[in-house]
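Trainee: Under the UniProt record's numbering, the sequence shown has 31 at position 31, and the numbering climbs by one with no breaks. Think of the CB as a built atom: it goes at the ideal place given N, C-alpha and C, for glycine as much as any other residue.
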Amino acid sequence: GEPEEEQRETTTTRRDDARTHASGKEKESVRQKRYLFTSFVFLVPRVDTPASGEMVASALPCRGLGLILLLGVATQLIQAGAGAKLGRPFLSGGELSPDSDKWAVLVAGSNGFWNYRHQADVCHSYQILKSRGFPESNIIVMRYDDIEFNALNPMPGTVINRADCIPTEKDEAGDWEVAEGCDVQRGCRKDYFGAAVSPESFINVLRGDHEAQKHLCKKLNSDPLKFGGCNGKVLNTTESSKVFLAFFDHGGTHMIGFPPEWKVRRE
Numbered sequence: 001g002e003p004e005e006e007q008r009e010t011t012t013t014r015r016d017d018a019r020t021h022a023s024g025k026e027k028e029s030v031r032q033k034r035y036l037f038t039s040f041v042f043l044v045p046r047v048d049t050p051a052s053g054e055m056v057a058s059a060l061p062c063r064g065l066g067l068i069l070l071l072g073v074a075t076q077l078i079q080a081g082a083g084a085k086l087g088r089p090f091l092s093g094g095e096l097s098p099d100s101d102k103w104a105v106l107v108a109g110s111n112g113f114w115n116y117r118h119q120a121d122v123c124h125s126y127q128i129l130k131s132r133g134f135p136e137s138n139i140i141v142m143r144y145d146d147i148e149f150n151a152l153n154p155m156p157g158t159v160i161n162r163a164d165c166i167p168t169e170k171d172e173a174g175d176w177e178v179a180e181g182c183d184v185q186r187g188c189r190k191d192y193f194g195a196a197v198s199p200e201s202f203i204n205v206l207r208g209d210h211e212a213q214k215h216l217c218k219k220l221n222s223d224p225l226k227f228g229g230c231n232g233k234v235l236n237t238t239e240s241s242k243v244f245l246a247f248f249d250h251g252g253t254h255m256i257g258f259p260p261e262w263k264v265r266r267e
């Protein structure tokens with residue numbers, strides 16, 4: 001009797017273990033799917049989705065700013081560079097209106113060569129805005145700046161963001177020949193780079209908190225042990241100002257990623 005009872009208990013335990021293991025794998029699968037879905041929302045122009053706007057508004061409480069929260073509009077913006085119309089208030093007859101009451105904040109929330117696309121998206125967006133007449137003085141760019149001369153970059157000093165820009169021939173020196181107009185980082189601003197691409201500086205930019213940003217940049221610019229720097233540029237807006245905010249990065253449930261840390265909704 002006892003051996004049978006022990007065997008029955010062992011079988012039950014194994015079933016429970018198997019069920020727990022399966023449940024764990026299922027939860028992990030759900031977590032991964034949720035992460036991938038959120039990433040999709042960040043990368044695709046879904047500005048009409050209340051959840052996206054609600055998440056950012058909660059994470060970034062900005063008073064006195066007429067914000068147009070456009071998260072992950074890489075697709076729309078890059079299409080605009082190819083002649084497509086955005087149909088947003090920034091466009092007038094297909095061209096950007098050089099209205100001084102319009103601002104743009106372009107952010108790459110990642111670093112590393114494996115995240116090449118995010119910083120490339122930022123610089124491509126910058127070039128499109130600039131070519132459409134958007135005032136450069138009203139564009140704020142945050143990018144880590146570690147891909148241009150990265151050891152893994154086969155084209156040192158160059159950043160491209162279109163498939164038709166991939167070079168196929170080399171010059172006499174053995175360097176890849178990049179077509180004119182393909183290097184999106186040429187002339188691309190970097191008001192904040194390295195360690196300055198952080199949640200704190202990002203929120204200061206949106207709030208227009210010049211004093212807080214000045215102290216943050218002064219401390220960072222004088223630190224020889226940290227890679228990074230900033231010029232303290234922040235939004236100078238009114239309640240009627242229009243702000244184009246493009247954030248390029250991976251997604252996450254109720255969180256915004258930055259190179260040094262994460263900014264979550266409850267903060």
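1. Quick check on DSSP: helix, strand or coil for F193?
2. Since V234 contacts G208 with CB under 8 Å, what's their CB separation in whole angstroms?
3. State the CB to CB distance for the pair G194 and K226, rounded to an integer number of angstroms; the pair is presumed to be in contact (CB under 8 Å).
4. Given a threshold of 16 other Cβ atoms within 10 Å of its Cβ, counted over all protein chains shown, does W114 qualify as buried or as exposed?
5. Just how far apart, CA to CA, sit E148 and T158?
6. Going straight from the alpha carbon of I256 to that of G187, what length do you get?
7. Do D249 and G112 come within 7 Å of each other at the CB atom, strictly closer than that value?
8. Starting from the Cα of V107, find the closest Cα among N161, D145, P135 and give me that residue.
9. Start and end of the beta strand (DSSP E) containing V234?
10. The alpha helix (DSSP H) with A120 in it runs from where to where?
11. Measuring alpha carbon to alpha carbon, tell me which residue in I140, R132, L216, E169 is nearest T237.
12. For the putative contact between A104 and F244, defined by C-beta atoms under 8 Å, what is the C-beta separation to the nearest angstrom?
13. Under the three-state reduction of DSSP, which class applies to F202: helix, strand or coil?
14. By the DSSP assignment, the alpha helix (DSSP H) with L216 in it spans what residues?
15. Going by Cα to Cα distance, which pick from M142, V184, I203 is closest to R162?
16. Are there 16 or more other CB atoms within 10 angstroms of the CB of S241, so buried, or fewer, so exposed?
17. Between the Cα of S222 and those of E200, I203, A196, spot the shortest distance and give me the residue it belongs to.
18. In angstroms, rounded to a whole number, what distance separates the CA positions of L220 and G174?
19. So the candidates are P224, L206, C230; which of them puts its Cα closest to the Cα of H215?
20. Can you tell me which of the three DSSP states A104 falls into?
21. Provide the residue(s) that pair with I147 in DSSP beta bridges, ordered along the chain.
22. Quick check on DSSP: helix, strand or coil for I78?
23. Between H210 and G232, how many whole angstroms is the CB-CB distance? I'm expecting something under 8 Å.
24. Considering only C-alpha positions, which residue in the set G252, H254, M155 is nearest to D171?
25. Under the three-state reduction of DSSP, which class applies to F113: helix, strand or coil?
26. When the Cα atoms are used, what is the spatial distance from K102 to N204?
27. Would you grab the beta carbon distance between R189 and Y126 for me? Rounded to a whole angstrom, and I think it's under 8 Å.
28. Can you list, in chain order, the residues of its chain with a C-beta nearer than 8 Å to that of D191? Leave out the 5 residues immediately preceding and following it.
Mentor: According to the structure shown:
1. Taking the sequence shown and counting its residues from 1, the one referred to as residue 193 is at position 193. Of the three classes helix, strand and coil, the one that applies to F193 here is strand, per DSSP.
2. Residue 234 sits at position 234 when you count from the first residue of the sequence shown. Residue 208 sits at position 208 when you count from the first residue of the sequence shown. With 8 Å as the limit, V234 and G208 qualify as a contact, their Cβ atoms being about 5 Å apart.
3. Residue mapping note: residue 194 aligns to position 194 of the sequence shown, counting from 1. Residue mapping note: residue 226 aligns to position 226 of the sequence shown, counting from 1. That pair is a contact at about 7 Å.
4. Residue 114 sits at position 114 when you count from the first residue of the sequence shown. Exposed, since its Cβ has fewer than 16 Cβ neighbours within 10 Å.
5. Start at 1 with the first residue of the sequence shown, and residue 148 comes out as number 148. Start at 1 with the first residue of the sequence shown, and residue 158 comes out as number 158. Using only the alpha carbons, I get a separation of about 6 Å.
6. Within the sequence shown, the letter at position 256 stands for residue 256. Within the sequence shown, the letter at position 187 stands for residue 187. Between I256 and G187, the C-alpha separation is close to 27 Å.
7. Counting from one through the sequence shown, the residue named residue 112 turns up at place 112. Counting from one through the sequence shown, the residue named residue 249 turns up at place 249. Going by C-beta atoms, G112 is not nearer than 7 Å to D249.
8. Along the sequence shown, read from residue 1 onward, the residue named residue 107 stands at position 107. For the residues N161, D145, P135, the minimum Cα distance to V107 belongs to D145.
9. Taking the sequence shown and counting its residues from 1, the one referred to as residue 234 is at position 234. Neither: V234 is in no beta strand (DSSP E) and is coded neither H nor E.
10. As a first step, residue 120 must be located in the sequence shown, where it is residue number 120. Where A120 is concerned, the enclosing alpha helix (DSSP H) stretches over 116 to 131.
11. As a position in the sequence shown, residue 237 is number 237, starting the count at 1. Considering only alpha carbons, the answer is I140.
12. In the sequence shown, the residue the question calls residue 104 occupies position 104. In the sequence shown, the residue the question calls residue 244 occupies position 244. A104 to F244, Cβ: 4 Å. Contact.
13. In the sequence shown, counting from the first residue as 1, residue 202 sits at position 202. In this structure, F202 counts as helix in the three-state DSSP scheme.
14. Along the sequence shown, one-based indexing puts residue 216 at 216. Start and end: 210 to 221.
15. Working through the sequence shown from its first residue, we reach residue 162 at position 162. Of the candidates M142, V184, I203, the one whose C-alpha sits nearest the C-alpha of R162 is V184.
16. Reading the sequence shown from its first residue, position 241 is the one you call residue 241. Buried.
17. Reading the sequence shown from its first residue, position 222 is the one you call residue 222. Per the Cα distances, A196.
18. Stepping through the sequence shown from its first residue, residue 220 is reached at position 220. Stepping through the sequence shown from its first residue, residue 174 is reached at position 174. Cα-Cα distance, rounded: 39 Å.
19. Counted from its first residue, the sequence shown places residue 215 at position 215. Answer by Cα proximity: C230.
20. Stepping through the sequence shown from its first residue, residue 104 is reached at position 104. Strand at A104.
21. Residue 147 sits at position 147 when you count from the first residue of the sequence shown. Paired residues: none, contrary to the question.
22. Translated into the one-based positions of the sequence shown, residue 78 becomes position 78. The pLDDT assigned to I78 is 41, lower than 50, so where the model puts this residue is not dependable; a value taken from the coordinates is nonetheless given after this. Helix.
23. Position 210 of the sequence shown, counted from the first residue, corresponds to residue 210. Position 232 of the sequence shown, counted from the first residue, corresponds to residue 232. Contact flag correct, Cβ pair sits at about 7 Å.
24. Sequence index remark: in the sequence shown, residue 171 carries index 171 (1-based). Cα-wise, what sits closest to D171 is M155.
25. On the sequence shown, residue 113 is found 113 positions in, with the first residue counted as 1. Note: F113 maps to helix in three-state DSSP.
26. Stepping through the sequence shown from its first residue, residue 102 is reached at position 102. Stepping through the sequence shown from its first residue, residue 204 is reached at position 204. Their Cα atoms are separated by approximately 18 Å.
27. What you label residue 189 is simply residue 189 of the sequence shown in a count that begins at 1. What you label residue 126 is simply residue 126 of the sequence shown in a count that begins at 1. Right, the Cβ-Cβ distance comes to about 6 Å (below 8 Å), so this counts as a contact.
28. The residue given as residue 191 occupies position 191 in the sequence shown. Counting only Cβ-Cβ distances below 8 Å, and skipping sequence neighbours, we find I140, V141, M142, C230, N231, K233.
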